[in-house]
Amino acid sequence: MATRSFTEKVYSACARIPKGKVSTYSRIARAIKKPKSARAVGNALNKNRSKSVPCHRVIRSDGDVGGFAHGTRKKIAMLRREGVEIKNGKAPKRFLFTF
DNA sequence: AGGGTGACCCGCT
DNA sequence: CAGCGGGCCACCC
Numbered sequence: 522m523a524t525r526s527f528t529e530k531v532y533s534a535c536a537r538i539p540k541g542k543v544s545t546y547s548r549i550a551r552a553i554k555k556p557k558s559a560r561a562v563g564n565a566l567n568k569n570r571s572k573s574v575p576c577h578r579v580i581r582s583d584g585d586v587g588g589f590a591h592g593t594r595k596k597i598a599m600l601r602r603e604g605v606e607i608k609n610g611k612a613p614k615r616f617l618f619t620f
C-alpha cells in the first residue's frame, strides 16, 4: 500500500531539492507527511541506491553528510560540486533547503 | 509470520 | 556542552 508511495514520495522530495542546497531526512519525512519516518527515508534511499535520484543532497539534521551507498566520500565531493561547502564532513545549516 | 537492521531523531542525564 | 537510550517506519532474511 503506502510502502510503494512512501518510496516514491521520498524520491520526489529528493528531486525537489534545488542544486547547490541540501536537505535532511527529517525534513523530507515531514514533507511526505510522515515526521516519524525519518529512518524509513534513509532506508528507502539505501535500498534503492539508484543514481537516478539526487539522494546525495540528503544529509542528517546535524549537518553531517550521514552515509552514502555509493560512498560517503563521493557524496561529499558531489555536494561540493553543487556548490555546498562541506566543512569537516559537515554542511552549514544555511545550505539546508526547507520545503 | 516474526524478528532484526538501518544513510535517523529527540529527550534525558 | 557532551554522551547514552528509547522510539519511530519501512524493508530484508
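Sequential numbering of the first sequence, starting at 522, is according to this note's numbering. Where a beta carbon is used, it is the ideal one built from N, C-alpha and C, also for glycine. Source: prediction; values computed, not measured.
According to the DSSP secondary-structure assignment, residue 611 is paired through a beta bridge with 585 and 608. In the three-state reduction of the DSSP assignment, residue 531 falls in the helix class, which pools H, G and I.
Going by beta carbons, residue 579 and residue 597 fall outside the 8 Å limit. Contact annotation, residue 603 with residue 541: C-beta distance approximately 5 Å; criterion of less than 8 Å satisfied. In the three-state reduction of the DSSP assignment, residue 526 falls in the helix class. Sixteen is the threshold: since fewer than 16 other Cβ atoms of the shown chains lie within 10 Å of the Cβ of residue 620, the residue is exposed. The beta carbon of residue 614 lies closer than 7 Å to those of 584 in the same chain, with the five residues before and after it left out.
Remark: C-beta atoms of residue 543 and residue 618 approach each other more closely than 8 Å. When C-alpha distances from residue 616 are compared across 571, 581, 592 and 595, the shortest belongs to 581.
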